[in-house]
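Numbering (this note's numbering), first residue to last: 4 to 417.
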Ligand code: PLP
């Protein structure tokens, strides 16, 4: 049975070009970039080439890019680094209720270190209300951290507007762009962000490598002390193969962005329409997803990326009278990989904090799966997925006593 992989927000397959570029670094190109002989200095040069590719991809300068082990580290570096800058002072952070746990749990642990965090609420489509930002700022606020796009719903956040408000109050701004980078255009100058986190395995690169953008002139203390790597800010021998792989993935992501965006969105919209149409009592959670009757043409090409409010591959869908984890397990038996929330919290049995923040009614939130589509998926896979989801939802509803009662009362309206 061929596997249908529909969990690209959790991680993406490593692109063949990336794997090919990385392989020599485990064989002949194993030199340490800090070594002074040829095979070391050459590795250093190659790392610097990647720094330039990454910088260009977000309109930054190479010396503003710091390689890390991924999104979690980059997020922690900003939040804990700023805390270290204001040691022995009470400070405040503002973030949102829908951030990834790399932010939320970090803020929790910083509570013990005199950092008071307030969370911005979101509207029913999962978009942060920027008019709340100013109400949440206090004299102690030093940082606002707002994700670029949400990992569960794909909702793109009003980062530029939020940055503008922060600048007016002289407050630093960080964005966790782990889901957005490589999928939609990002421009740190245009948006005005001070820090941006990204992770290679979300855009066709390897796991365990990512980067942090730190705007020039912004003081962020080092988190890892040791050798002088990464301008003395992030010590440790560089993950050369990983960094090279990330560079190739980033270059390809930028080059193919528009084409991939359209292809992926077309597949997502096709599957979304099929599921909503064929399965009663279902609904999409996220921007433009509140209605069952929204219509569109699967083949249309007039997509303006800059006005879209959801990442192209995200489809967060709820089915009433079923349990999301049971549905995901049935799909898994058929070789279809989806998640029931963010990969890290899946299986915890709790309702997703993101859906809770969006005030999705619990009877729907509990029956949610997250499908995230990637560049290698096909229309045939969408057809098979729709058929299997439909069959599985019907099966699970047949076992549900509350659905039976509901059906008896309302079957004529379904
Ligand atoms: N931030 C967001 C929005 C994510 O989706 C993820 C991973 O799912 C992370 C941070 C963590 O990134 P990493 O897996 O590179 O540590």
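All residues carry an ideal CB built from backbone N, CA and C; glycine is no exception.
(1) When burial is assigned at 16 or more other CB atoms within 10 Å of the CB, is residue 80 buried or exposed?
(2) With DSSP as the reference, label residue 5 as helix, strand or coil.
(3) Within the present structure, is the beta-carbon of residue 177 separated from the nearest heavy atom of the ligand PLP by less than 7 Å?
(4) Give the single residue among 222, 247 and 188 whose Cα lies nearest to the Cα of residue 211.
(5) Check whether the segment 151-165 and the segment 178-190 touch, using three or more Cβ-Cβ pairs below 8 Å as the test.
(6) Tell me the rounded alpha-carbon separation between residue 69 and residue 54.
(7) So for residue 66, helix, strand or coil by DSSP?
(8) Could you tell me which of 186, 195, 229 and 275 sits nearest to residue 252, measuring between CA atoms?
(9) How many Å lie between residue 160 and residue 40 at the Cα?
(10) Mapping DSSP to helix, strand and coil, what is residue 158?
(11) Which residues in the same chain as residue 183 place their Cβ atom closer than 6 Å to its Cβ, once the five residues preceding and following it in sequence are excluded?
(12) So does residue 139 have its beta carbon nearer than 7 Å to some heavy atom of the ligand PLP?
(13) Can we count residue 2 as close to the ligand PLP, meaning its CB is less than 7 Å from some heavy atom?
(14) Note down the Cα distance separating residue 372 from residue 231, rounded to an integer number of angstroms.
(15) Counting only the same chain and skipping the five closest in sequence on each side, list residues whose C-beta sits under 7 Å from that of residue 31.
(16) In this structure, does DSSP put residue 177 in helix, strand or coil?
(17) If I measure Cβ to Cβ from residue 291 and keep anything under 6 Å in the same chain, skipping five residues before and after, which residues do I get?
(18) Between 143, 146, 362 and 121, which lies nearest to residue 135 when the distance is taken from Cα to Cα?
(19) For residue 319, write down the residues that DSSP places opposite it in a beta bridge.
(20) Run the proximity test for residue 225: is its beta-carbon closer than 7 Å to any non-hydrogen atom belonging to the ligand PLP?
(21) Between the segment 316-332 and the segment 359-368, do three or more beta carbon pairs fall short of 8 Å?
(22) Could you give the residue range of the beta strand (DSSP E) that holds residue 286?
(23) Judging by CA-CA distance, which residue of 146, 340 and 98 is the nearest neighbour of residue 428?
(24) Using a 10 Å radius around the Cβ and a threshold of 16 neighbouring Cβ atoms, would you call residue 249 buried or exposed?
(25) According to DSSP, is residue 355 helix, strand or coil?
(26) Going residue by residue through the segment 119-153, where are the continuous beta strand (DSSP E) segments of at least 3 residues, counting only ones entirely within it?
(27) Using the C-alpha atoms, what's the distance from residue 229 back to residue 238?
(28) Which same chain residues, not among the five before or five after residue 141, have their C-beta less than 7 Å away from its C-beta?
(29) Does the segment 258-274 come close enough to the segment 37-51 to have 3 or more Cβ pairs within less than 8 Å?
(30) Shorter than 7 Å, the distance from the beta carbon of residue 204 to the closest heavy atom of the ligand PLP, or not?
On the basis of the data shown:
(1) buried
(2) coil
(3) Remark: the C-beta of residue 177 is outside contact range of the ligand PLP, defined as less than 7 Å to any heavy atom.
(4) 247
(5) yes
(6) 8 Å
(7) helix
(8) 186
(9) 47 Å
(10) In this structure, residue 158 counts as strand in the three-state DSSP scheme.
(11) 151 and 152
(12) no
(13) Absent from the structure is residue 2, since the part of the chain shown begins at 4 and ends at 417.
(14) 45 Å
(15) none
(16) DSSP places residue 177 in strand when its eight states are reduced to three.
(17) none
(18) 121
(19) 373
(20) no
(21) yes
(22) 285-287
(23) Residue numbering for the chain in the displayed model covers 4 to 417; residue 428 lies beyond these limits and cannot be assessed.
(24) Buried is the call here.
(25) Looking at residue 355 - three-state DSSP - the assignment turns out to be coil, as it is neither helix nor strand.
(26) If only complete runs of 3 or more residues are kept, the segment 119-153 shows the beta strand (DSSP E) at 144-148, in order along the chain.
(27) 5 Å
(28) 95.
(29) no
(30) Checking every heavy atom of the ligand PLP against the Cβ of residue 204, one is found closer than 7 Å.
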